[in-house]
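4 protein chains.
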Amino acid sequence: MPELTATAGACPAIRAAIAGGAGYVGGELLRLLIGHPLVEVVAATSTRLAGRRIDTVHPNLRGLCDLTFTAPDRLGEADVLLLALPHRQTMDVLPAMLGTAKHIVDLSADFRLRDPAVYAGYYGVPHTAPDLIGAFVPGLPERHRAELKDADLISVPGCMATAGILALGPLAHLLDGPVEIDARSGSSGAGAGAGEANLHAERSGAMRVFAPTSHRHQAEITQETGLAVRMSATGVEAVRGVQLLCHGTLAAGAGEANVRQAYRRAYQDEPFVRVVAKRRGNYRFPEPKILLGSNFCDVGFAVEPQGRRIVVIAALDNLVKGAAGAAVQCLNIRLGWPERLGLEFPGLHPN
Amino acid sequence: MPELTATAGACPAIRAAIAGGAGYVGGELLRLLIGHPLVEVVAATSTRLAGRRIDTVHPNLRGLCDLTFTAPDRLGEADVLLLALPHRQTMDVLPAMLGTAKHIVDLSADFRLRDPAVYAGYYGVPHTAPDLIGAFVPGLPERHRAELKDADLISVPGCMATAGILALGPLAHLLDGPVEIDARSGSSGAGAGAGEANLHAERSGAMRVFAPTSHRHQAEITQETGLAVRMSATGVEAVRGVQLLCHGTLAAGAGEANVRQAYRRAYQDEPFVRVVAKRRGNYRFPEPKILLGSNFCDVGFAVEPQGRRIVVIAALDNLVKGAAGAAVQCLNIRLGWPERLGLEFPGLHPN
Amino acid sequence: MPELTATAGACPAIRAAIAGGAGYVGGELLRLLIGHPLVEVVAATSTRLAGRRIDTVHPNLRGLCDLTFTAPDRLGEADVLLLALPHRQTMDVLPAMLGTAKHIVDLSADFRLRDPAVYAGYYGVPHTAPDLIGAFVPGLPERHRAELKDADLISVPGCMATAGILALGPLAHLLDGPVEIDARSGSSGAGAGAGEANLHAERSGAMRVFAPTSHRHQAEITQETGLAVRMSATGVEAVRGVQLLCHGTLAAGAGEANVRQAYRRAYQDEPFVRVVAKRRGNYRFPEPKILLGSNFCDVGFAVEPQGRRIVVIAALDNLVKGAAGAAVQCLNIRLGWPERLGLEFPGLHPN
Amino acid sequence: MPELTATAGACPAIRAAIAGGAGYVGGELLRLLIGHPLVEVVAATSTRLAGRRIDTVHPNLRGLCDLTFTAPDRLGEADVLLLALPHRQTMDVLPAMLGTAKHIVDLSADFRLRDPAVYAGYYGVPHTAPDLIGAFVPGLPERHRAELKDADLISVPGCMATAGILALGPLAHLLDGPVEIDARSGSSGAGAGAGEANLHAERSGAMRVFAPTSHRHQAEITQETGLAVRMSATGVEAVRGVQLLCHGTLAAGAGEANVRQAYRRAYQDEPFVRVVAKRRGNYRFPEPKILLGSNFCDVGFAVEPQGRRIVVIAALDNLVKGAAGAAVQCLNIRLGWPERLGLEFPGLHPN
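Protein chains in written order, with my numbering: chain A, 1 to 351; chain B, 1001 to 1351; chain C, 2001 to 2351; chain D, 3001 to 3351.
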């Protein structure tokens, strides 16, 4: 087939570089930005794979991308810099990168939590760039679209945090007491460099409770919604996909109609949030399976008959709406482009 | 290979018949009883498959079983009758079967709930044999072993009920307030006659929330433990396997040590319950994957640091400890045999 | 979210109708055509679901499609009619539809085989519209692009046939003797109405040899390439995806260089065929996993060292390049549009 | 539960040690021997895990085994020594172990091939103990039972070799010309120490052609059957399980009846080989899915109507009949025990 290089589009407006291009999030950034009509990918870094073709590790990009990986220390300037580097490492290298791009989107955890002490508690190390935290706008368009329009430092929330915030945020005033979140996650969340614990033979078909009483993404949900949440996390069979079951209690007087109304207000104009709460059907509640590759976050709920108990459900693709897709959506907003641009893929049924 | 008929063992003491032998639970009863050194399977019924070889639908029994299915109306007498018939149908046919076997073990839901009104609420029909309910002993050796020793009517609990009761029962006095159970279940739970909703293309990789606020097995847990429980259920990728995450609150003053002690007291002499709560490792909490085919129920827990929140986890194979294995274990008890007989298979790692 | 109806695009040039919209191929046609910038979907038929929203059975289209299913007898005119109806049924209903659309694309098997006797041999019934067969152009752009430019009746090949033809076609002059094809297929190939044989519990993890010595798609490969081929087919775990291993013998004097050259000539300008034959890497040969949702057919090969044996490998998504994507590609050609239009999705890694 | 140590059986006759107890084959040896009524496992070595409990890496053995891993240099004497060490390493360490046990069963590849030059060709290194090769009896009871009765050095064939030999061996005289074998293998074959290539995210749902034109197990098949065979190998989704499709040609005059007769003669008295070739049903040909955990090798075939082409199919669990189960079966023969002892598990349906 004819090699379609990343530069083959129609006069892209923006030159994008990716720091950390060899991982799964980096690969999704590449996929989405190469397919974006107004972006040209100019570089993607990898320490280990510098000089090798990008499509050797991201084989889905064969024929679509002629680039090779750039050594991190040879990364030049760009209009946008997207960082898909590990937690802890990002806060060390980001300060030196501030001048290299006009817009920076970070996909690590390092600039998500406002309070460095909370960060230290969840990530086990003191924050090394606490003064920078306040300069970041959360990469969550549904709640920070206005700020994102002129944000030059954007921090994309964690995949489970995005799901939890989108599910619970509109209902915060309707809920009474703490929320127990039961989160399930596919294996890609552990990353392309995951170790023996993630061997196919060990992980296939598993229901691995890896965070029984607390998961660090819960701190982001509390920060954003004000709700007390406690999250258990289990690794399940899927490669991609996050699903949250949020067990809460409705405030006295609140009922299903209030919940529907709250969601409608919050999401009726949102391009990537769908309320899914049907009476019947295999897909009557949010199901990550059909969101594979898409930028949707589906949210739904069920209220206990004759009761105040509510179960709120959210699902998304952890590498798209939970990471790279959210980054592209933020970029579209920042640059005044249509918000869906490059994010049109609707997901597959069946798959 | 030489055909080893079901009668090839060394003078079995007991003749067993299975009503409903073509389904998944029926198949597991056949597998376990054919391998049981003191049991001879004399008949297994199927309306649809009467006259066809049993190993055509249970291909794992090839070479081990020469029987053909018996039409239900031609089922004769036996020492033990095990019923693996659908809910609702069982209560209609059971009264007429009472005389046909000395010991009856029912695996349907029809004789699990003491209160016919509760049954009607969860199963949607009035109970048609309410007078018989009280004559059944729950097929849960860990809590009813003494009664099982001379029980002639045994009702095996639901798969999620067994997991929930074994996980929560010993802790009932340590818990404060209601328990939220997040149950995950493999696809075999829907049965061999499941419809399009369970096609591979629809179910593969799914996280299908099929019972968001209430699952009928919760009634059995409450009945047995006295705890207020509310169960959400999700169908996940595995074929077999049930896992429960039970979110509860410890009573003031109770802590991890009390929980360990309660479990130790309850299960230190139990052959099929293991307490699994390690500090590290992929299998540090109960994982259905390694229980495939085994009669174990693993229970474990984690207590929130500096808190009273506890997550109790249970896992089992829904067709074995959650059904056929439990039935065989009860039979062993009833007949005074070693409790592990015919149930020695430990499960596989990896699989 | 705002409901984006199928009509929300910018003045689509073409009105498309789908006969058989509730199946898996119909669903993919809907997905691709709704996302196509120059097509407006005006109707999709279903006998069973007439009047119900399309997104109830194709949940990935929620928010993207407001249509309901049309009863087959109420299907009106359109510019393009795509048929995703069952084999045998199509040849009965197609003659009456000839006047209802300017362009007709059939995705059934009924107009693929030139010789009605061969059709009768493989499909078990005499052909009921043999006079129409000759009017169809094969929906295989890589071999029939010129004819497709003015074809008004197009018949898309079978999924395994497309893979086999694209893999073997360019090498036909280099091969000596018959080719043994070992085909593996995901579960979606059995369709949305598949029965108990395709229950998740039965099919999960299976390697089901369902056609050991002959598969009907082999007739299409022979018809198109002139090669004698015999195909075994096995159902494997994936939902989507077809992979063929073609075991052949190189003619005397032919070697790896000739094969590479033949593929280069055939495919260097093809937008949807990639030659994948690397020395190392997990994805060094065609792998259906990374083609999920994409319109690519990857072909590759390995030649036995010091020998004439060659293994040719092909992979594609059976519902896209093996069905709906090929149909859209043909439509793009027929209407003079860019061939990639609406088919840009590159597939996912990992998934 | 009460800890049942490995010594809890009724006066085992034989003390067994395992060299290489931490891998997947080592784990299966442990599972089978711990469950064997006449064997006491006295030690299992691991360099990396010496001193740690065995059930930390083989969690299915919890409650069944109290042993810790032994450092290799501290391995003492035993009645039987089973080696589950890597290829190449085994031939270096085995000579020094000859005196430490009366019976030695090797599960590596190092003593399978009679000709050291063939070994060097397939394994890439010269054989370092060529004089020992001739002393080993193949651990294939179906073809070497008589020799095994007094063999003190036994070499278990490769998993695919066992499948291929059992499928093709009885037909060697009926086949004409070379046989093309298409082998499919689950992920456990790569071992517990497999690297990033076997991460769940990479391997899940894959059809990875890892040996397109030649696989080293083919040499064992040729050695044992005299047939020229060429094997392609593909890694598929299952964790366990090997399936071979062997494409051959029947000699003139040979037909289905001859094949059936040949299999009957070969296997009518075999405890672990079943001929599976039915006219209908999901499991009409050998299917690894239902063999999980069992010691069966199922073989079947289909002959092309009006032709001489035959497809022979074999399936087994690569860690049981393809490794540890075969070792135990050989041991049973060598020690004069019933051949099925400790190998009774029939496999599961569904799973």
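Just so it is clear, CB atoms sit at the ideal spot from N, CA and C, and this is done for glycine as well.
For clarity, every value in this text was computed on a predicted model and none was experimentally measured.
Partners in chain A for ASN3198(D), counting only beta-carbon separations shorter than 7 Å: Mapped onto the fourth sequence, residue 3198(D) falls at position 198. Residues of chain A passing the Cβ test: LEU199 and HIS200.
Residue of PHE2111(C), HIS2173(C) and GLY2195(C) minimising C-alpha distance to PRO2138(C): Looking up residue 2138(C) in the third sequence gives position 138. When only C-alpha atoms are compared, the closest one is PHE2111(C).
For ALA1183(B) and MET1231(B), the rounded distance between their alpha carbons: Numbered from its first residue, the second sequence carries residue 1231(B) at position 231. Numbered from its first residue, the second sequence carries residue 1183(B) at position 183. Using only the alpha carbons, I get a separation of about 7 Å.
Under 7 Å from the C-beta of TYR1024(B): neighbouring residues of chain D: The residue labelled residue 1024(B) in the question sits at position 24 within the second sequence. Ordered by position in chain D, the residues that pass the 7 Å Cβ test against TYR1024(B) are PRO3350.
Own chain, CB closer than 8 Å to ALA2190(C), minus 5 neighbours either side, in chain order: In the third sequence, counting from the first residue as 1, residue 2190(C) sits at position 190. Same-chain partners within the cutoff: ALA2197, ASN2198 and GLY2235.
Endpoints, the alpha helix (DSSP H) within which ARG1340(B) is located: On the second sequence, position 340 is the one that residue 1340(B) refers to. In this chain, ARG1340(B) is not harboured by any alpha helix (DSSP H), its DSSP state being neither H nor E.
Limits of the unbroken alpha helix (DSSP H) element including ALA117(A): As a first step, residue 117(A) is located in the first sequence; it is residue number 117 there, counting from the start. 116 to 123 is the span of the alpha helix (DSSP H), which, as asked, contains ALA117(A).
Inter-residue CB distance, ALA323(A) and GLU28(A) (contact presumed, cutoff 8 Å): Numbered from its first residue, the first sequence carries residue 323(A) at position 323. Numbered from its first residue, the first sequence carries residue 28(A) at position 28. So it is a contact: roughly 6 Å between Cβ atoms.
Contacts around ARG1208(B), its chain only, beta-carbon distance under 7 Å, and the 5 residues preceding and following it disregarded: Counted from its first residue, the second sequence places residue 1208(B) at position 208. The residues are THR1234 and GLY1235.
Inter-residue CB distance, ALA1084(B) and ALA1192(B) (contact presumed, cutoff 8 Å): Here residue 1084(B) corresponds to residue number 84 of the second sequence, with the count starting at 1. Here residue 1192(B) corresponds to residue number 192 of the second sequence, with the count starting at 1. The pair is not a contact, with the Cβ atoms about 11 Å apart (cut-off 8 Å).
Beta carbon proximity, ARG1062(B) to chain C, threshold 8 Å: Locating residue 1062(B) in the second sequence gives position 62, where the first residue counts as 1. Closer than 8 Å: no.
Buried/exposed call for GLN2261(C), threshold 16 Cβ in 10 Å: Counting from one through the third sequence, the residue named residue 2261(C) turns up at place 261. By the neighbour-count rule (16 or more Cβ atoms within 10 Å), GLN2261(C) is not buried but exposed.
Local Cβ density within 10 Å of SER1289(B), reported as buried at 16 or more and exposed below that: For the purposes of this step, residue 1289(B) is taken as residue 289 along the second sequence, with counting starting at 1. According to the sequence provided, residue 1289(B) is Lys. The question's Ser does not apply to it. With 16 or more other Cβ atoms within 10 Å, it is buried.
8 Å Cβ cutoff, ARG308(A) in contact with chain D: Counted from its first residue, the first sequence places residue 308(A) at position 308. No, no contact with chain D.
Segment contact flag, the region 1263 to 1275 of chain B with the region 1201 to 1218 of chain B, C-beta cutoff 8 Å, min 3 pairs: no
Reduced DSSP category for LYS102(A) - H, G, I as helix; E, B as strand; rest coil: Walking along the first sequence from the start, residue 102(A) turns up at place 102. LYS102(A) falls in the strand class under three-state DSSP.
Spatially closest choice to GLU40(A) from ARG334(A), ILE14(A) and ARG62(A), by CA coordinates: Here the question's residue 40(A) lines up with position 40 in the first sequence. Closest by alpha carbon: ILE14(A).
Status (buried if at least 16 other CB within 10 Å, exposed otherwise) for PRO126(A): Your numbering for residue 126(A) matches position 126 in the first sequence. It counts as exposed.
Minimum length 4: unbroken alpha helix (DSSP H) runs contained in the region 3215 to 3282 of chain D: 3217 to 3225 and 3256 to 3267
Short Cβ contact (8 Å threshold) for ALA1109(B) with PHE1069(B): For the purposes of this step, residue 1109(B) is taken as the residue at position 109 of the second sequence. For the purposes of this step, residue 1069(B) is taken as the residue at position 69 of the second sequence. Taking 8 Å as the Cβ cut-off, ALA1109(B) and PHE1069(B) do not qualify as a contacting pair.
Between the CA atoms of GLY3293(D) and GLY1226(B) - distance to the nearest angstrom: Along the second sequence, one-based indexing puts residue 1226(B) at 226. Along the fourth sequence, one-based indexing puts residue 3293(D) at 293. If you take the alpha carbons of GLY1226(B) and GLY3293(D), they lie about 39 Å apart.
GLY1342(B) and PRO1157(B) closer than 8 Å at C-beta: In the second sequence, counting from the first residue as 1, residue 1342(B) sits at position 342. In the second sequence, counting from the first residue as 1, residue 1157(B) sits at position 157. Cβ distance not < 8 Å, so GLY1342(B) and PRO1157(B) don't count as in contact.
For GLU3028(D), three-class secondary structure by DSSP: Within the fourth sequence, the letter at position 28 stands for residue 3028(D). Helix, per DSSP.
Below-8 Å beta-carbon distance, SER1187(B) vs any chain C residue: Numbered from its first residue, the second sequence carries residue 1187(B) at position 187. SER1187(B) counts as touching chain C.
ARG308(A), DSSP secondary structure in three states: Looking up residue 308(A) in the first sequence gives position 308. Coil, per DSSP.
Own chain partners of LEU2140(C) with C-beta closer than 6 Å, once the 5 adjacent residues on each side are dropped: Within the third sequence, numbered from 1, the residue matching residue 2140(C) stands at position 140. Once the five neighbours on either side are set aside, the close Cβ partners of LEU2140(C) are PRO2157.
Helix, strand or coil at ALA1201(B) [DSSP, three-state]: To locate residue 1201(B), count along the second sequence from 1; it is residue 201. If DSSP states are grouped into helix, strand and coil, ALA1201(B) belongs with the helices.
Burial state of HIS3106(D) (16 or more Cβ within 10 Å): Taking the fourth sequence and counting its residues from 1, one reaches residue 3106(D) at position 106. Just to set this straight, residue 3106(D) is Asp in the shown sequence, not His. Per the 10 Å Cβ criterion, buried.
Bridge partners - THR3068(D), DSSP secondary structure assignment: Locating residue 3068(D) in the fourth sequence gives position 68, where the first residue counts as 1. DSSP lists ARG3053(D) as partners of THR3068(D).
Cβ-based burial, HIS2173(C) [other Cβ within 10 Å; buried from 16]: In the third sequence, residue 2173(C) corresponds to position 173, counting from 1. Exposed, because fewer than 16 other Cβ atoms sit within 10 Å of the Cβ of HIS2173(C).
Neighbour-count burial assignment, ALA161(A), 16 or more Cβ in a 10 Å radius: The residue labelled residue 161(A) in the question sits at position 161 within the first sequence. Flag for ALA161(A) reads buried.
DSSP beta-bridge partners of THR45(A): Here the question's residue 45(A) lines up with position 45 in the first sequence. The secondary-structure analysis by DSSP pairs THR45(A) across a beta bridge with THR70(A).
Of the listed residues GLU2287(C), VAL2275(C) and LEU2331(C), nearest to VAL2080(C) (C-alpha basis): Residue 2080(C) sits at position 80 when you count from the first residue of the third sequence. With distances taken between Cα atoms, VAL2080(C) lies closest to LEU2331(C).
DSSP-derived helix/strand/coil call for ALA3022(D): For the purposes of this step, residue 3022(D) is taken as the residue at position 22 of the fourth sequence. Here ALA3022(D) sits in coil by DSSP.
Within chain B, partners of ARG2352(C) - CB distance below 7 Å: With chain C represented from 2001 up to 2351, any question about residue 2352(C) goes unanswered, as that position is not in the structure.
Other residues of its chain near GLY1325(B): CB distance less than 7 Å, five sequence neighbours each side excluded: Along the second sequence, one-based indexing puts residue 1325(B) at 325. In the same chain as GLY1325(B), and ignoring 5 residues on each side of it, the C-beta atoms closer than 7 Å to its own belong to LEU1032, ASN1295 and LEU1343, in chain order.
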